[in-house]
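Residues in the sequence shown are numbered consecutively from 132, following our numbering. The beta-carbon is built from N, C-alpha and C at its ideal position, and this holds for glycine as well. For reference, the structure is listed below as structure tokens.
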Amino acid sequence: MTGIAHSVAAAFARLERLDGVTGAVVPRLFGLVLGVAGWYGLASVFPNRLMPFPGETLALTVELVATGVVTEHLLATSKRILLGFAGSMVVGVTVGTLMGLDDYARKFFLPYVVVGMSVSAVAWAAVGTLVFGFSVLAPVAATVLTTFPFVTVHVWKAVEDVDDDLTRMSRSFDVSLPRMVRRQLLPDVTPGLFSASRFGLAISWKIVTLAEMFAASNGVGYRLFKAYQRFRFEEAWAWAAVFVIVILLIEYGVFRPLERRVFAYRSEARPLA
């Protein structure tokens, strides 16, 4: 009888895992198919020179990768993105933490955060070009100035939502600060930090690519703009495809596995029936 019960339980577990995989894969696959179908539909309406078909774009993308051009310019863009992302995270986490912990700091920094969120990325890219010229500092500065307000808000709200009752209880039981940070504060703030990192990196990609159109002699944004200037729209679509592929690789190759690992305790904590 026990063996039958174990077999039934194992069968249900396999079905549950299969259902989880199906529920995760099918919507993404359907979205991909729908997107490609929409692309085909638009390419059928517009002239081929303006909007090539997905197969043609993919073939040109593979050709650019094979020649080594993509590697050269993607490395230049990645360097600027990492510098801008790191700077925006340092500033955003610092300011957001201060705003979440102290009311005076919140009132002091809030106007700067609001203004930073209101100014467009194009404006910061233009200002960065005027101030720093055609150097690596122009796209990096534009990225930091555009991204840090959004990171700040995520971190600010995460710190602000820390359970004060648990903090007071920890202090009343003389829990050491390192233990309190490790066991309470970090688990409470980690979702906000993770969200800020993902959002900040996504914005950094867009801002650096945009800034490279103004103030760079290499990079994905530079090549995109040059293709547009020369009316080589098929090449512009190929560089856009490179951009999309890299973003998807980062999302599903880095952030999703990291998210599953960091928040594994959530799936382990099942509600009682």
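Run the CB neighbour count on G231, radius 10 Å, all protein chains shown included, and call it buried at 16 or more, exposed below.
Stepping through the sequence shown from its first residue, residue 231 is reached at position 100. The residue in question, G231, is buried, as its Cβ has 16 or more Cβ neighbours within 10 Å.
Let me confirm a value: T198 is counted as buried when at least 16 other C-beta atoms fall within 10 Å, else exposed. Which label applies?
Residue mapping note: residue 198 aligns to position 67 of the sequence shown, counting from 1. T198 comes out exposed.
Report the residue from E382, G384, E390 and V377 whose alpha carbon sits nearest the alpha carbon of T192.
On the sequence shown, residue 192 is found 61 positions in, with the first residue counted as 1. The shortest Cα separation from T192 among E382, G384, E390 and V377 belongs to V377.
Label E291 either buried or exposed according to how many other C-beta atoms from any shown protein chain fall within 10 Å of its C-beta, with 16 as the threshold for buried.
For this step, residue 291 is matched to residue 160 along the sequence shown. When all chains shown are included, E291 counts as exposed.
Short Cβ contact (8 Å threshold) for I381 with A252
Here residue 381 is taken as the residue at index 250 of the sequence shown, counted from 1. Here residue 252 is taken as the residue at index 121 of the sequence shown, counted from 1. The answer is no: Cβ separation not under 8 Å.
Spatial neighbours of G218 in its chain, beta-carbon cut-off 8 Å, leaving aside the 5 residues before and after:
Position 87 of the sequence shown, counted from the start, is the residue given in the question as residue 218. So the list reads V271, T274, V275 and F279, once near-sequence residues are dropped.
For the region 333–351 against the region 227–242, do three or more pairs of beta-carbon atoms, one drawn from each stretch, fall closer than 8 Å, so that the two count as touching?
no
Which term fits A347, buried or exposed, when burial requires 16 or more other beta carbons within 10 angstroms of its beta carbon?
By 1-based counting over the sequence shown, the position of residue 347 is 216. A347 should be labelled buried.
Helix, strand or coil at P178 according to DSSP, with G and I counted as helix
Looking up residue 178 in the sequence shown gives position 47. Of the three classes helix, strand and coil, the one that applies to P178 here is coil, per DSSP.
Confirm the yes/no value for this check: CB of G227, any heavy atom of the ligand ATP, distance under 7 Å.
Although the ligand ATP was asked about, the structure shown includes no ligands whatsoever.
CA-to-CA distance, A236 to W170, given in whole angstroms
Here residue 170 corresponds to residue number 39 of the sequence shown, with the count starting at 1. Here residue 236 corresponds to residue number 105 of the sequence shown, with the count starting at 1. Near 48 Å, if we compare the C-alpha coordinates of A236 and W170.
What residues in its chain sit with their C-beta under 6 Å from that of S328, if we drop five residues either side in the sequence?
In the sequence shown, the residue the question calls residue 328 occupies position 197. If we look at S328 and ignore the five residues flanking it on each side, it has no Cβ neighbours.
Thinking C-alpha only, which one of G323, L341 and P318 is nearest T260?
On the sequence shown, residue 260 is found 129 positions in, with the first residue counted as 1. With distances taken between Cα atoms, T260 lies closest to L341.
Per-residue DSSP class, three states only, for S335:
For this step, residue 335 is matched to residue 204 along the sequence shown. Residue state, collapsed to three classes: helix.
Backbone CA spacing between R361 and L165 [nearest angstrom]
Here residue 361 is taken as the residue at index 230 of the sequence shown, counted from 1. Here residue 165 is taken as the residue at index 34 of the sequence shown, counted from 1. So the alpha carbons of these two residues sit roughly 31 Å apart.
Quick one: Cα of W255 to Cα of F386, how far?
Here residue 255 refers to the residue found at position 124 when the sequence shown is read from its first residue. Here residue 386 refers to the residue found at position 255 when the sequence shown is read from its first residue. Spanning the two alpha carbons is a distance of roughly 28 Å.
Quick one: is V157 buried, meaning 16 or more other Cβ sit within 10 Å of its Cβ, or exposed?
By 1-based counting over the sequence shown, the position of residue 157 is 26. Counting Cβ neighbours within 10 Å, V157 comes out exposed, since fewer than 16 surround it.
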